[in-house]
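Residue numbers (the working numbering): 3 to 400.
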Amino acid sequence: MKNYITYNLRDKLKHSDEYYKFMPDFSEQVIQKIKIRTNNIIEDFMAYIIEFDIEQLRSREEYQLEILIMGVLWNVYSEKSLDLPKIPGKTLSLLSSMRQYSWIFKKCIDSIKGKMAYKYLLKGKINRDLVYNTHCIENDFEKLIIWLKCTGEFKFQAGRMEIWNLFFKHNNKEYVRNAGKLIVEIADWFEKESMEKLGKYTLNVKKFLMNEYKFYGTREDNIFCGRREIEYHLNMVGAEILNRVFRNTFLKTEDKIIFLPACMCLKPYSTCRRKKTDKGFICMRCSENCKVNILNRIGKKYNFKVYIVPHESNAFSGRKHIRYGDIGIVGIACVLNLIEGGLKARNLNLVPQCVILDYCGCKNHWHKSGIETDINYRKLFEILQIPQGDIIVRNLKQ
């Protein structure tokens, strides 16, 4: 695919097999780096969670990933968060919440939110002396969390960071200063390392930001689409880590569901006959060659359900009172949605796995008329433990 928009897992190949072969080893390298550098901090954090009964203890790998998330988001957004006025900030938080539950007024809310985000969230000036001074994490970490929540794009990541903020407040300033230094150093290392190892998959991100992104202006998705290359890499590694963390529990779930983005549908919204339900849209088999229809048929044979989700904010909506371990989900999404989607699913007691779209192309965010996207089916069938997956993959490609 020559004219991809920002990222492409297929590189110069016709498939993304090489990407999936490479990611486990690189993700393990990242985890080991974090483990070696922050083992004492993780130990202290877990002890704090147990002592104050903050939550049911999670795996070390999840907390290690959170260290990386905090460092990367600090490096990318901290300068923008330092002077966010309180009233616009609260208004933006309210608008972000309203658009999740008020679809009737969504268009109007998006218009207001886009204009306010452009004015109050994207105007920060870069001051490297301020950004990389560990004293800033010590005093201004909470400001970053508030900024992230105002965007509406980092709700669940910000929620995890709030727990870390409580932990930081529980410790003395010297401890937080040293922890902040380590967090930033790891993020700096990851940016350099991931650019070298994963940069070939994200070659067009800078080009997109320098050209097409300039016209996004006051669009509601101006923050989502303006993400830096390091954030693509963070989500790639994060997805691999979360898949590994939840793998065994996912395999034990009785019910399994695949959530597909609408950009995988062969036909556009105006002609696709998909039917709306309380869990998402279901395929009505209007096109024999549509990948959604094919996966739907495979699902009937191998006992998993398939739902189409028009927008990432719709995913898992309406799911309450679920016991953790009962329902496993496979979220198929653009790379920038992976960590946030995984944390959202976990927050709802769903057991998540994910498969990345090989490239982005949805009409909502990336392309004027929309591009039919695709995935690595071998990876999907591996996650679902479908026998003879290779044979099914060959049939899909015919």
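Backbone N, C-alpha and C fix where the C-beta goes; we use that ideal spot for every residue, glycine too.
- If you compare the alpha carbons of 111, 275 and 239 with that of residue 33, the shortest gap goes to 239.
- Taking the Cα of residue 235 as reference, the smallest distance to any Cα among 205, 214, 210 and 298 is reached at 205.
- With distances taken between CA atoms, residue 335 lies nearest to 264 out of 122, 45, 264 and 200.
- Remark: C-beta atoms of residue 241 and residue 358 approach each other more closely than 9 Å.
- Counting the other Cβ atoms within 10 Å of the Cβ of residue 31 gives fewer than 16, which makes it exposed.
- Sixteen is the threshold: since fewer than 16 other Cβ atoms of the shown chains lie within 10 Å of the Cβ of residue 110, the residue is exposed.
- In the three-state reduction of the DSSP assignment, residue 85 falls in the coil class.
- Counting the other Cβ atoms within 10 Å of the Cβ of residue 71 gives 16 or more, which makes it buried.
- For residue 122, the enclosing alpha helix (DSSP H) has its first and last residue at 108 to 122.
- For residue 149, the CB contacts under 7 Å within the same chain, skipping 5 residues up- and downstream, are 79, 82, 83, 86 and 123 in chain order.
- By the neighbour-count criterion, in which a residue is buried when 16 or more other Cβ atoms sit within 10 angstroms of its Cβ, residue 371 is exposed.
- Under the 8 Å Cβ criterion, the stretch 176 to 194 counts as touching the stretch 39 to 59, having at least three qualifying pairs.
- By the beta-carbon neighbour count (other beta carbons within 10 angstroms, threshold 16), residue 279 is exposed.
- Per the coordinates, the alpha-carbon of residue 367 lies some 43 Å from the alpha-carbon of residue 176.
- Residue 270 sits in coil when the DSSP states are folded into three classes, being neither helix nor strand.
- Annotation: the continuous alpha helix (DSSP H) that includes residue 157 extends over 157 to 172.
- Beta-carbon to beta-carbon, residue 354 and residue 331 are separated by about 6 Å, close enough to satisfy the 8 Å threshold.
- By the CB criterion at 9 Å, residue 207 and residue 9 fall inside the cutoff.
- Going by DSSP, residue 375 is part of no alpha helix (DSSP H) at all; its letter is neither H nor E.
- For the stretch 210 to 268, the continuous alpha helix (DSSP H) assignments of 4+ residues that do not extend past its boundaries occur at 231 to 254, in sequence order.
- Rounded to the nearest whole angstrom, the CA to CA distance from residue 179 to residue 141 is 9 Å.
- Residue state for residue 90 is assigned as helix, using DSSP reduced to three classes.
- When DSSP states are grouped into helix, strand and coil, residue 389 belongs to the coil group.
- Taken atom to atom, the span from the alpha-carbon of residue 268 to that of residue 326 is near 34 Å.
- Distance between residue 27 and residue 287, taken at the CA atoms: about 39 Å.
- For residue 370, there is no enclosing alpha helix (DSSP H), as DSSP marks it with neither H nor E.
- Note that the stretch 89 to 102 does not touch the stretch 247 to 264; fewer than 3 beta-carbon pairs, one per stretch, sit closer than 8 Å.
- Short of 6 Å from the beta carbon of residue 154, and not among the five residues preceding or following it, lie these beta carbons of its own chain, in chain order: 98.
- Rounded to the nearest whole angstrom, the CA to CA distance from residue 233 to residue 345 is 16 Å.
- Here residue 220 has 116, 117 and 120 as same chain residues with Cβ atoms under 7 Å from its own Cβ, once five neighbours each way along the sequence are excluded.
- For the options 113, 229 and 159, the alpha carbon positioned closest to that of residue 222 is the one of 113.
- When C-alpha distances from residue 160 are compared across 244, 73, 189 and 243, the shortest belongs to 73.
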